[in-house]
Amino acid sequence: MRYLAIFLLAAACTQAPQTVPQRVVPPVDMPGVWLAAHNKERAAYGSSPLSWDPALAAQARNYASELAATGRLQHSAKAERPGQGENLWLGTRGYYAPEMMVGSWAGEKRHFRRGVFPANSRTGNWRDIGHYSQMVWPRTARVGCGLASSARWDVLVCRYSPPGNQDGLRI
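Written as C-alpha cells, this is what we have:
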C-alpha cells in the first residue's frame, strides 16, 4: 500500500503543468480589424455595413488614452461627443486579441431581443445589451475606434455616428 501511494504521488508530480495564457500584445491602430468585427455582427443582424471614420477614430484614441492613464472606465460626457455613441472596453494589457475585445460587446446578443429600445433586454436591463445594440444599430453609418495602453491596462473606445440606443426607436 505504501508503494502504491508513492507511485500515485510520483505520477501526480510528473503531469504536464497547466498552460498559462499567452500575451497577445495588439498593435495600437487596427482599423481594419475593428471595422470587420463590427460589420460581421451587423451583417448577422441585418444592418448595413459601417464605414471607417478617421475623425471618430482620433477622438476615440484620445479618450482611450485618458482612460488608460487613469485606469477608470467611464463614458465621456455626451456634451463632449455630440451626435456620437460610445462603447468602452478595458482589460489586462496585452492579454486580449482585438476580436476578443469587440467580441465581448457582441456577446451581449444572447440577452438581446428585437423591439423598441430600451425594452430590448431579456434580463430587463438595457445595460446588458447596450454595447451590442450600439454595434448593430441600423441608423448608425460610421465608426472609429482607438486603443490605448498603460502599464497595466488596454482600453478600447469606439465612437459611432449617428449614435444608437435611442429611446423609443425600433431596433
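When we follow my numbering, the leftmost residue of the sequence shown carries the number 23, and every step to the right adds one. Positions of the beta carbon are idealized from the N, C-alpha and C atoms, including for glycine.
Backbone CA spacing between residue i and residue j [nearest angstrom]
i	j	result
proline 104	tyrosine 117	32 Å
histidine 153	serine 172	23 Å
glutamate 108	isoleucine 151	13 Å
arginine 115	alanine 128	21 Å
arginine 135	histidine 97	24 Å
valine 177	alanine 80	14 Å
proline 43	glycine 113	Legend: pLDDT at proline 43 = 46, less than 50; position of this residue unreliable, no value from coordinates given.
alanine 86	leucine 95	9 Å
isoleucine 193	valine 124	20 Å
asparagine 142	alanine 99	24 Å
arginine 64	alanine 90	28 Å
glycine 146	proline 71	28 Å
glutamate 130	glycine 137	15 Å
glycine 54	arginine 144	32 Å
Presumed contact (8 Å Cβ cut-off) between residue i and residue j, rounded CB distance
i	j	result
alanine 66	glutamate 121	Going by Cβ atoms, the distance from alanine 66 to glutamate 121 rounds to 14 Å, so no, they are not a contact pair.
proline 140	alanine 163	Proline 140 to alanine 163, Cβ: 22 Å. No contact.
glutamine 14	arginine 181	Outside the shown range of the chain, which is 23 to 193, sits residue 14, and nothing can be said about it.
From the options, residue whose alpha carbon lies closest to that of residue i
i	options	result
serine 73	Pro160, Asp176, Pro140 and Leu89	Pro160
tryptophan 111	Ala77, Asp189 and Ser126	Ser126
lysine 62	Leu191, Val158, Gly186 and Gln188	Val158
phenylalanine 179	Pro71, Lys131, Leu169 and Ser69	In the sequence on display, residue 179 carries valine and not phenylalanine. Per the Cα distances, Leu169.
Cut-off 6 Å between Cβ atoms - residues of its own chain near residue i, not counting five sequence neighbours on either side
i	result
methionine 52	Pro120
glutamate 88	none
serine 69	Val158 and Pro160
Environment of residue i [buried if 16+ CB atoms lie within 10 Å]
i	result
glycine 93	exposed
serine 155	buried
arginine 8	Absent from the model: residue 8. The displayed extent of the chain is 23 to 193, so no value can be given.
glutamate 102	exposed
leucine 57	buried
leucine 78	buried
Close Cβ partners of residue i (< 7 Å) along its chain, the five nearest in sequence each way excluded
i	result
aspartate 75	Arg164, Val165, Gly166 and Ser183
aspartate 189	Phe139 and Pro140
Close-in-space but distant-in-sequence residues of the same chain around residue i (CB under 8 Å, 5 per side omitted)
i	result
asparagine 187	Gly107, Phe139, Pro140, Trp148, Gly152, Ser155, Gln156 and Trp159
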